[in-house]
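Count along the sequence shown from 1, add 34, and you get the number used in my numbering.
Think of the CB as a built atom: it goes at the ideal place given N, C-alpha and C, for glycine as much as any other residue.
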Amino acid sequence: MILSACADRITAPIQPEALNAPNTRQIFVVTNRQRNAEGYLATSRNDELTFLDTTVSIPPSHTSGEAPTFKANPDPEKHFVIAKETPIATLPDLARKVSASLAGNPRRNREVTVFVHGFYNTYQDSLFRIAQLQNDFNLPGTVVNFAWASAGSPLGYAHDRESALYSRDDLERTLRELAKSRSDRLLLVGHSLGTFLITETLRQIEQKEPGWTALNIDALALISPDMPVDLFLRNLEPFDALPGSTVILTSTEDSALRLSSRINRSSQRLGQLSNPDVLADLPVIVFDVSSFADGSSNHMTFAESPALIALLRDARTFDELLAPDDPNFLLRQAERVRVSNEAIAIQVAGPGGGT
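1. Should residue 352 go down as buried or exposed, given a rule of 16 or more other Cβ atoms within 10 Å for buried?
2. Please list the segments of the alpha helix (DSSP H) lying wholly inside the stretch 99–138, counting only runs of 4 or more residues, in order along the chain.
3. Could you tell me if residue 43 is buried or exposed, where buried requires 16 or more neighbouring beta carbons within 10 angstroms of its beta carbon?
4. Determine the extent of the beta strand (DSSP E) in which residue 224 is found, giving its start and end residues.
5. Entirely within the stretch 256–332 and at least 4 residues each: give me those alpha helix (DSSP H) ranges in chain order.
6. Flag this pair as yes or no: are the beta carbons of residue 86 and residue 115 separated by less than 8 angstroms?
7. May I ask you to list the residues that DSSP assigns as paired with residue 75?
8. Is the separation between the beta-carbon of residue 266 and that of residue 247 shorter than 8 angstroms?
9. Report, in whole angstroms, the separation of the C-beta atoms of residue 381 and residue 322, which I expect to be a contact under 8 angstroms.
10. Using CA coordinates, which residue listed in 70, 100, 233 is at the minimum distance from residue 199?
11. As a quick exercise: from 46, 65, 51, 169, pick the residue whose alpha carbon is nearest that of residue 74.
12. Give a yes or no on whether the C-beta atoms belonging to residue 217 and residue 253 are separated by under 8 angstroms.
13. Which residue spans inside the stretch 151–200 form an unbroken beta strand (DSSP E) run of at least 3?
14. What are the boundary residues of the alpha helix (DSSP H) that residue 248 is part of?
15. Distance check for residue 129 and residue 137, CA to CA, integer angstroms please.
16. Would the stretch 171–189 count as touching the stretch 255–270 if we require 3 or more Cβ pairs under 8 angstroms?
17. State yes or no: is the C-beta of residue 125 within less than 8 angstroms of the C-beta of residue 211?
18. Please identify the residue among 208, 150, 277, 98 whose C-alpha is closest to the C-alpha of residue 231.
19. Count the other C-beta atoms from every protein chain shown that fall within 10 angstroms of the C-beta of residue 95, then say buried if there are 16 or more, exposed otherwise.
20. Which partner residues does residue 58 have in the DSSP bridge list?
21. Report all residues from its chain with a CB closer than 7 angstroms to the CB of residue 340; omit the five preceding and five following residues, and keep chain order.
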């Protein structure tokens with residue numbers, strides 16, 4: 035049964051008939067995963083990047099906040115499905131296709147969101163998750179899934195941490211190339227261990243080219259970041275400035291991060307933080323969503339709480355959430371606000387109204 039479940043999480047056949055589904059999403063992919071003997075992007079690291087233009091169909095039964103479901107033999111009426119997968123030769127070619135995909139959009143919608151997944155993700159996990167987010171949040175513009183080589187195993191934490199470190203140069207190349215695209219805004223969104231990869235990558239860019247991040251990344255969202263607070267602060271030491279809008283989504287109810295704290299023998303992960311004092315010198319917003327806990331691990335609250343999605347979707351885009359035209363947008367959602375120097379901690383009330 036375990037082997038069968040693993041096969042289901044790695045096997046993702048392309049079903050062209052799903053192109054006719056009423057709800058499809060275009061996702062560009064950059065990945066350093068190797069293909070296995072069956073031709074699927076699996077868990078091993080590759081020293082060459084693969085670039086794809088994919089189309090994902092979302093089943094008509096999908097509801098906001100529902101985790102993507104998929105199988106080795108999917109039913110497009112019930113499961114997320116890869117309807118199309120077109121190889122792209124080079125990273126500059128992918129950047130040109132990204133630019134072309136934005137060409138017909140209104141100026142406000144010419145944005146690129148780069149998503150970096152976290153621990154325990156197969157390729158399909160990351161691909162279908164960003165398709166779900168694109169759908170549920172009504173994200174405009176274009177989405178790029180940076181799929182680093184997670185083992186997709188609950189026992190693969192050491193492998194995943196090494197894979198994140200292995201992927202720093204690949205993510206740097208990707209961000210530098212996308213920064214040349216014809217987008218008006220470049221948004222960088224990471225979840226869990228993916229935020230560790232992001233901060234490591236931006237740190238090495240800043241050491242080579244001070245000021246690059248603030249100049250080229252318009253908004254940065256670190257969701258349930260799985261790294262110790264002191265490492266986060268150390269990684270930011272080379273920065274003269276952060277992106278104009280930087281948000282950290284946290285939850286004190288995140289049991290996955292509590293486990294990570296025990297595994298790594300650290301007292302607190304950044305994603306568990308609610309007190310902004312330790313980040314007082316940073317112009318960041320700590321957005322505490324603890325009150326949306328639902329009894330699960332609460333590590334994917336941002337994607338699986340319909341109430342939270344509805345609240346954040348009012349901003350229409352990640353960009354408007356992070357840098358709203360109305361600067362009081364987040365404050366109006368707040369149950370509690372705490373200011374510590376440049377850092378702001380915002381706690382929002384859950385669907386029951388409590389905090």
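Based on what the coordinates show:
1. For residue 352, the predicted model reports a pLDDT of 46, less than 50, meaning its position is unreliable and no value from the coordinates is stated.
2. Runs of the alpha helix (DSSP H) inside the stretch 99–138: 125–136.
3. Residue 43 is buried by the Cβ-count criterion.
4. It spans 219–225 - the beta strand (DSSP E) in which residue 224 sits, taken as one unbroken run.
5. Assignment of alpha helix (DSSP H) within the stretch 256–332, counting only whole runs of 4 or more residues, yields 263–269, 289–298 in chain order.
6. The beta carbons of residue 86 and residue 115 sit no closer together than 8 angstroms.
7. DSSP output for residue 75 lists 69 as bridge partner(s).
8. No. Outside cutoff.
9. The C-beta distance from residue 381 to residue 322 rounds to 4 angstroms, short enough to fall under 8 angstroms.
10. Relative to residue 199, the option among 70, 100, 233 whose CA is nearest is 233.
11. Residue 46 is the option with its Cα nearest to residue 74.
12. Result no, Cβ atoms of residue 217 and residue 253 do not sit closer than 8 angstroms.
13. Within the stretch 151–200, the complete beta strand (DSSP E) runs of at least 3 residues are 176–181.
14. Note, residue 248: alpha helix (DSSP H), 246–250.
15. Going by the C-alpha atoms only, they are around 13 angstroms apart.
16. The stretch 171–189 vs the stretch 255–270: no contact.
17. It is a contact, given that the beta carbons lie within the stated cut-off.
18. For residue 231, the closest C-alpha among the options 208, 150, 277, 98 is that of 150.
19. Exposed.
20. BP columns for residue 58 point to 91.
21. Excluding sequence positions up to five before and after residue 340, its CB lies within less than 7 angstroms of the CB of 98, 99, all in the same chain and listed in chain order.
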